[in-house]
Structure formats: C-alpha cells, structure tokens
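J.: Please read through the structure below; I'll follow up with questions.
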Amino acid sequence: MKLSKLLKKVILIWLLVLLLASVAVYFLVIAPLLGDIANKEQTLAFEKQKNIALKQQIENGEEESIPVTTIRSSIPESMEEDEIIRMINQASNSSNVVIQNYEYVDQSFTTVSEDSGTELEQLTMHINGEADTLTYLNQFVNELEAAERLVNIQSFNYQTRSESVTFQLEFQVYAKDFSE
Numbered sequence: 030m031k032l033s034k035l036l037k038k039v040i041l042i043w044l045l046v047l048l049l050a051s052v053a054v055y056f057l058v059i060a061p062l063l064g065d066i067a068n069k070e071q072t073l074a075f076e077k078q079k080n081i082a083l084k085q086q087i088e089n090g091e092e093e094s095i096p097v098t099t100i101r102s103s104i105p106e107s108m109e110e111d112e113i114i115r116m117i118n119q120a121s122n123s124s125n126v127v128i129q130n131y132e133y134v135d136q137s138f139t140t141v142s143e144d145s146g147t148e149l150e151q152l153t154m155h156i157n158g159e160a161d162t163l164t165y166l167n168q169f170v171n172e173l174e175a176a177e178r179l180v181n182i183q184s185f186n187y188q189t190r191s192e193s194v195t196f197q198l199e200f201q202v203y204a205k206d207f208s209e
C-alpha cells in the first residue's frame, strides 16, 4: 500500500503535533510537580535533621549551672522599654530582618522562688516580622538571646514562603531592683 503525498504530510503533521503536545505537558505539568517533590524532600530531610538534633539535645540533657551574679547582671533595675525596642531594632538591623509590628502583651509581676518571695517585673512582647532566609531569622533570634538583657522566648512560629520567611515571636524580659 502506497501512501499519497498528502496523507504523508497529514501523518507527519499529526506526529509533530503529538510531539509538541507531549513537550508542553512535560514543561507545564510534570516539571513543576517534580520541582515540588524535590522541595518537599529537601524540607523533609531538614526536618529529620532538626528532629535528630533535638533528640540528641534531650538525651544529653546536661543542665548548665549559671551563677546568680550573671543572672542579676542581665536583669536591669527598671523595665526601660526604649532599651528593649533598641535591642530589637539592633538585632533586626544586624540580621536583615524586617519587624512588621510589635506589641506589649502583658506587664506583670512573677515570683522567682517560693522560699525567697522575690518578685520580678515581667514584660511580655509579641513581634511579627519577615526575613529573607531561615539563616537571617536564626541570626535574629540568636542576637536576641545573646543580648545583655535576659530574654526568655515563650513561643516562636515561622512559615517559609518562596521568597521569604514570616515569623511570630513572643518573649519576656524582666526587671528587678536588687538593692531592696
């Protein structure tokens, strides 16, 4: 059976259309799904590493003893809210983190120990912000924790997006007049 020239052209065009359609399906459907799978696998591997590190930290469970003078030096005599804001701004500037807003959640007194009855003034703050990467966010949290003032992080939530990381951080700072 001989094919006419017209029939050969029609078959060739259909084959070309099929080839183009399969290439389009690959690039428009399959390739993005493969990229998502790779991202999910990378996230899973990162979470597994975090899990292993946290388990090791819990197993080691060695508590460090901190001298009382060190703690006292990190608790100022007054709350000094301006100083806290400066501390937050300094940490955000040095770590490329944008603080979108912050608020004072609670200002109260807390008892340090039942025996001594010592009370500390406690200020709870909530921060919302955005960082370019998790590295910058981690640097910001480390800056806060390394500040001269005692900072107790209560909660820390973050969400990674394609271009940035948004976070919510709640922490407490303290004040006490030790000369009493």
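Residues in the sequence shown are numbered consecutively from 30, following our numbering. Built from N, CA and C at the ideal position, the CB exists for glycine as well.
What first and last residue would you give for the beta strand (DSSP E) that runs through Ile156?
T.: 148-160
J.: Count the other CB atoms, across all protein chains shown, that sit within 10 Å of the CB of Glu143; report buried if there are 16 or more and exposed otherwise.
T.: Summary for Glu143: the model assigns pLDDT 49, below 50, so the residue's position carries little reliability; its value from the coordinates is reported in the next sentence. Counting Cβ neighbours within 10 Å, Glu143 comes out exposed, since fewer than 16 surround it.
J.: Locate the beta strand (DSSP E) running through Leu198, then write down its first and last residues.
T.: 194-204
J.: Keeping to the same chain, check which residues put their C-beta closer than 6 Å to that of Gln168; ignore five residues upstream and five downstream.
T.: Ser124
J.: Give me the DSSP bridge partner(s) of Ile128.
T.: Gly158
J.: Any idea what DSSP makes of Ser123, helix, strand or coil?
T.: helix
J.: State the Cα-Cα distance for the pair Leu152 and Phe200, rounded to the nearest angstrom.
T.: 8 Å
J.: Quick one: give me the first and last residue of the beta strand (DSSP E) that Tyr187 is part of.
T.: For Tyr187, the enclosing beta strand (DSSP E) covers residues 180-189.
J.: Between Tyr187 and Met154, how many whole angstroms is the CB-CB distance? I'm expecting something under 8 Å.
T.: Their Cβ separation, rounded to whole angstroms, is 17 Å, which puts Tyr187 and Met154 out of contact at 8 Å.
J.: Pull up the distance between the alpha-carbon of Val202 and that of Val194, whole angstroms please.
T.: One C-alpha to the other measures close to 25 Å.
J.: Who are the Cβ neighbours of Asp161 in its own chain at under 7 Å, not counting the five residues just before and after it?
T.: Asn125, Ser193
J.: Assuming Glu159 and Ala120 are in contact, meaning their beta carbons sit under 8 Å apart, how far apart are those beta carbons, in whole angstroms?
T.: Contact flag wrong, Cβ pair sits at about 14 Å.
J.: Less than 7 Å between the beta carbons of Asn130 and Asn157, yes or no?
T.: yes
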